[in-house]
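Protein chains: 4
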Amino acid sequence: MKHSTCRLTVRGYELDSFGHVNNAVYLQYAETALWNFMKIHQLMSVTDMLFPVVMESTQRYLHELKLFDEIRIESDFSSSGSVLVCEHKIYHDGTGILSCRIKGKVIFVSRDRIMHDVPEEIMKILEEGNS
Amino acid sequence: MKHSTCRLTVRGYELDSFGHVNNAVYLQYAETALWNFMKIHQLMSVTDMLFPVVMESTQRYLHELKLFDEIRIESDFSSSGSVLVCEHKIYHDGTGILSCRIKGKVIFVSRDRIMHDVPEEIMKILEEGNS
Amino acid sequence: MKHSTCRLTVRGYELDSFGHVNNAVYLQYAETALWNFMKIHQLMSVTDMLFPVVMESTQRYLHELKLFDEIRIESDFSSSGSVLVCEHKIYHDGTGILSCRIKGKVIFVSRDRIMHDVPEEIMKILEEGNS
Amino acid sequence: MKHSTCRLTVRGYELDSFGHVNNAVYLQYAETALWNFMKIHQLMSVTDMLFPVVMESTQRYLHELKLFDEIRIESDFSSSGSVLVCEHKIYHDGTGILSCRIKGKVIFVSRDRIMHDVPEEIMKILEEGNS
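Residue numbers (our numbering), protein chains in the order written: chain A, 2 to 132; chain G, 2 to 132; chain S, 2 to 132; chain F, 2 to 132.
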């Protein structure tokens, strides 16, 4: 398992007509956290061949987010078979309030739509653990 | 429980860099199916006072969607306590292949962020059932 | 010059916190009108090699659009040098009120980022005119 | 006239199927720059009564942006009659290359859709100039 942190600021166009961050946007935040993890660990070259595809995702929305809220995404990445399991907690950074929990299952697929194992480069990072 | 059907066509900007509909977009489709249900049953006036807010959602992505795919969303709406339960199946309309299953739990919240029961007008429609 | 018509319905998540369609969404509508033109005239195979890239765009927003509004996009496509000129008028279909005018200039670029002429297949359609 | 700077990082879901930032997303960046200006100068309370609405916008796209690009938006805000004129230059921050120029005209509208003058609080900031 490998932990990773990602920070974002809520942007105006992410709000819906109720004036808070729309539920679909949280999946975009989760995706950003995954790309961020890939970038930090120099794993972006993986995506030349394989693309991460979400197979399953569950979100629990606990507290709304608003314009300019600074958010902190704490993510744990692990593998289970050929699945990369992504567990995100999205916090309002100022107050520390938990806004959303997301559990996603991601597989790696080639351009010709063949499913592959979690790439070795990623497995190595996961096995390293959090030092 | 009340059933409802909604049809959409995949638009170019809904694709991500892998060339298929991005996982977050499916939540937008689910939201569209809910608004469509509200509209068909003349429930839009409810939203003058109360706003539907997603508390929880689980998606299982089974088959990718691509540009111009015609999709059919078959939705079952029911209530459980003060929660509106929305179960969507998103089909590729041409082939009949199931692309995604979504189960969402929606609550109704006033502008001052107080949670309310499922509005009576909606309960009436749910109790009507599918004739 | 070739004329083309495209119809869409405004979706809930396209509204911003002011309760009307966000200005950026109109460019997505324009993009949808272009893809629709490509599809109608069996030009999609062009995009295996070349991708339409917007170089310039001007929008005049005249009348707001709201949830469930049925819109009709009337588009004129023409060429000027190696540029595809796209002139869109977005109407509220029920009232016939003009909501937005968009003039876009699109070029065709290969995966290796080389700019090409407007593809012959498209030129043929433009020269056909409106019969 | 008042100058303002805003920094963003390109997020994965902002890319389209050509692998670069979609043209519509630049308007979201411009909107973010405007909200940022409002926030920096403590003008957010203005939006309790009046909402900034884009009347017109012209974009010239000069250089594509890709995943993780750090961007810097240099914006000049001025008034012309009852219009707030927003001139944005979007730079790739690492290389200093200009990616896009946007000129937007924004008006201020109340919830009942009446157009107002540029609010006094904003006029004061514009007249202050850049010290």
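Glycine included, each C-beta is placed from N, C-alpha and C at the ideal position.
Keep in mind that this is a model prediction, so the values were computed, not measured.
Any chance the segment 52–72 of chain A sits against the segment 84–102 of chain A, with 3 or more Cβ pairs inside 8 Å?
-> yes
The alpha helix (DSSP H) spanning F:LYS40 covers which residue range?
-> 24–41
How about F:SER18: is its C-beta nearer than 8 Å to some C-beta of chain G?
-> yes
is_contact[A:THR59, chain G] using C-beta, thresh 8 Å = yes
Excluding sequence positions up to five away, which residues of its chain have a Cβ less than 7 Å from the Cβ of A:LEU127?
-> MET2, LYS3, PHE78, SER79 and SER80
First and last residue of the uninterrupted alpha helix (DSSP H) at S:GLU128 | 121–129
Assign G:SER46 to one of two classes, buried (16 or more other C-beta atoms within 10 Å of its C-beta) or exposed (fewer than that).
-> exposed
Would you please verify whether the beta carbon of S:ARG112 is less than 8 Å from any beta carbon of chain G?
-> no
Is the distance from the Cβ of A:LEU66 to the Cβ of A:ILE74 below 8 Å?
-> no
At which residues does the beta strand (DSSP E) containing G:GLY105 begin and terminate?
-> 99–111
Same chain, Cβ closer than 8 Å to A:LEU16, five either side skipped, listed in chain order | VAL22, ASN23, LYS67 and LEU68
Inspect the beta-carbon positions of F:PRO120 and F:LEU51 and report whether they are closer than 8 Å.
-> yes
Would you report the Cα separation of A:SER5 and A:MET116, rounded to the nearest angstrom?
-> 25 Å
In chain A, which residues lie with their C-beta within 7 Å of the C-beta of G:PHE52?
-> PHE19
Spatial neighbours of G:SER83 in its chain, beta-carbon cut-off 8 Å, leaving aside the 5 residues before and after = ILE108, PHE109, MET116, HIS117, ASP118 and VAL119
Using a Cβ cut-off of 8 Å (strictly closer), state whether S:ALA25 contacts chain A.
-> yes
Kindly say whether A:GLN43, judged by its beta-carbon, lies nearer than 8 Å to any beta-carbon of chain G.
-> no
For F:ASN131, which residues of its own chain have a beta-carbon under 8 Å away from its beta-carbon, when the five flanking residues on both sides are left out?
-> MET2, LYS3 and HIS4
For G:THR33, count neighbouring C-beta atoms within 10 Å of its own C-beta (all shown protein chains included) and say buried if the count is 16 or more, exposed if not.
-> buried
Which of helix, strand or coil does DSSP assign to A:VAL54?
-> strand
Nearest-angstrom Cα distance between G:HIS42 and A:TYR92?
-> 37 Å
Can you tell which of F:ASP49, F:LYS40 and F:LYS125 has the C-alpha that lies nearest to the C-alpha of F:ASP113?
-> F:ASP49
Starting from the beta carbon of G:GLU32, find every residue of chain S whose beta carbon is closer than 9 Å, and list them in chain order.
-> ARG12, GLY13 and TYR14
Close beta carbons around A:VAL143, own chain, < 8 Å, minus the five adjacent residues each side = The structure shown does not extend to residue 143 of chain A, since chain A is modelled only from 2 through 132, so no value can be given for it.
First and last residue of the uninterrupted beta strand (DSSP E) at A:PHE78 = 71–81
Can you say whether F:MET124 is buried or exposed, counting buried as having 16 or more other CB atoms within 10 angstroms of its CB?
-> exposed
Taking the alpha carbon of F:ASN37 as the point to measure from, which residue in F:CYS87, F:TYR14, F:HIS64 and F:MET56 has its own alpha carbon closest?
-> F:CYS87
Please report how far the alpha carbon of F:TYR27 lies from the alpha carbon of A:LEU85, in whole angstroms.
-> 32 Å
Below-8 Å beta-carbon distance, G:VAL119 vs any chain A residue = no
Since F:ALA25 and F:HIS89 are thought to touch, with beta carbons under 8 Å apart, how far apart are those beta carbons, to the nearest angstrom?
-> Actually they do not touch by this definition, with Cβ atoms about 15 Å apart.
Does the beta-carbon distance from S:GLU122 to S:LEU44 come in below 8 Å?
-> yes
Could you work out which residues of chain B lie near S:VAL22, taking near to mean beta carbons separated by less than 8 Å?
-> The question asks about chain B, but that chain is absent: this structure's protein chains are A, G, S and F.
Taking buried to mean at least 16 other C-beta atoms within 10 Å of its own C-beta, is F:GLY13 buried or exposed?
-> buried
Contact with chain A by F:LYS40, beta-carbon distance below 8 Å | yes
Under 9 Å from the C-beta of F:TYR62: neighbouring residues of chain S = VAL54, VAL55, MET56, GLU57 and SER58
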